[in-house]
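Colleague:
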Amino acid sequence: DWGFSVFIEGVDKRVLCDTGTKQDIFESNVKKTGIDLSKTDILVLSHEHGDHTGGVPAFVRMRTAIPVIMPHSFTSGFKGRISDFGLKPVMADGPSIICSHLFTTGEFDFQIAEQALVLDTHDGLVVITGCAHPGITDMLKKIRADFGKEIRMVVGGLHLMNKTEP
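Heads up: the sequence shown at position 145 corresponds to 145 in my numbering, and the numbers run straight through without jumps.
1. Do you know offhand how far Phe110's Cα is from Ala92's?
2. May I ask you to verify whether the stretch 44-58 touches the stretch 12-24, counting CB pairs closer than 8 Å and requiring at least 3?
3. If you reduce the DSSP assignment to three classes, tell me which class Asp120 lands in.
4. When you compare only the Cα positions, how much space is there between Thr164 and Glu150?
5. Leaving out five residues before and five after Thr64 in sequence, what residues of the same chain have Cβ atoms less than 7 Å from its Cβ?
6. Starting from Thr104, trace the beta strand (DSSP E) both ways and give me its first and last residue.
7. DSSP has Cys99 in a bridge; who is on the other side?
8. Quick one: is Arg152 near chain D, going by C-beta distance under 9 Å?
9. For Cys99 and Lys39, I'd like the C-alpha separation in whole angstroms.
10. As an exercise, report each continuous alpha helix (DSSP H) stretch of at least 4 residues that is fully enclosed by the stretch 112-159, in chain order.
11. Is the beta carbon of Leu125 closer than 9 Å to that of Ile8?
12. Helix, strand or coil: how does DSSP classify Val43 here?
13. Leaving aside the five residues before and after Val11 along the sequence, list all residues of the same chain whose C-beta is less than 7 Å from its C-beta, in chain order.
14. Excluding sequence positions up to five away, which residues of its chain have a Cβ less than 7 Å from the Cβ of Val167?
15. Which residues mark the beginning and the end of the beta strand (DSSP E) in which Phe7 is found?
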């Protein structure tokens with residue numbers, strides 16, 4: 001199905017980025033992978049589309065009372081639902097540290113507000129995108145400038161349909 005979710009371990013915190021589209025698929029995938037999401041420290045939402053936020057109700061059956069880092073332009077209704085779920089909305093305005101070696105880019109100002117994650121490794125930056133609605137090339141240029149390091153890898157959604165080969 002449409003959607004994206006990634007669990008990050010190996011840094012100071014256990015971080016879930018996005019929750020996919022459907023609660024049942026999210027729960028099934030969690031069960032199949034054997035990941036214990038009750039130990040999640042932080043939830044990061046890349047952007048306010050259902051294929052990245054639809055699994056939140058399933059997630060809160062596993063974990064609540066943690067910060068949810070989201071772009072500041074998320075609607076007040078969505079922010080309210082996050083609070084109603086027992087989660088703590090945290091607005092990401094610009095690049096900021098989540099924990100040792102893991103950062104949010106902050107919100108990319110575009111028709112669809114979106115943020116990405118940046119993992120700083122000894123081999124270079126690893127960029128994790130939700131959909132890259134602002135355009136992956138523009139996002140990567142800004143990330144390279146903001147972080148002052150080369151990008152080693154890009155993973156996640158790239159929305160490259162209807163794009164030319166270059």
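We treat Cβ as the ideally placed atom computed from N, Cα and C, and that holds for glycine.
Modeller: Walking through what the data contain:
1. 15 Å
2. Touching, per the Cβ criterion.
3. strand
4. 24 Å
5. Phe85, Gly86, Leu87
6. 102-104
7. Leu102
8. The chain labelled as chain D is not found in the depicted structure, where only one protein chain is given.
9. 15 Å
10. 136-147
11. no
12. Looking at the sequence itself, residue 43 is Leu, so the reference to Val does not match. Strand, per DSSP.
13. Cys99, Ser100, His101, Leu102
14. In the structure displayed, the chain extends from 1 to 166; residue 167 sits before or after that span and is not available.
15. 6-8
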